[in-house]
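A short worksheet on the structure shown next.
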Amino acid sequence: MDERELEEEAERLGWTVKYLKSHLAKEERIEKVFDRLEDEKIVKKFKEKYGEEWNQLGEE
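For the sequence shown, position 47 (counting from the first letter as 1) is numbered 622 according to the working numbering, and the numbering increases by one without interruption.
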């Protein structure tokens, strides 16, 4: 979002631009945490499915 879009969105919501930027930054951090948790969940499932084979690959 450019500055003009931020100003318009903040006005629409009845927020200040500073508060909107803070809110967007929090959303971004939360998204990153969920992405990391999802990645860890996928890795865990992979290790459960291919556990011993996966461990042997690291030994070669």
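We put the beta carbon where it would ideally sit given N, CA and C, even for glycine.
None of these values were measured; they are calculated from a predicted model.
On the three-state DSSP scale, how would you describe GLY589? coil
Is the separation between the beta-carbon of LEU581 and that of VAL592 shorter than 7 Å? yes
Identify whether ASP614 lies in helix, strand or coil by the three-state DSSP scheme. helix
Do you know how far the Cα of GLU586 is from the Cα of ILE605? 24 Å
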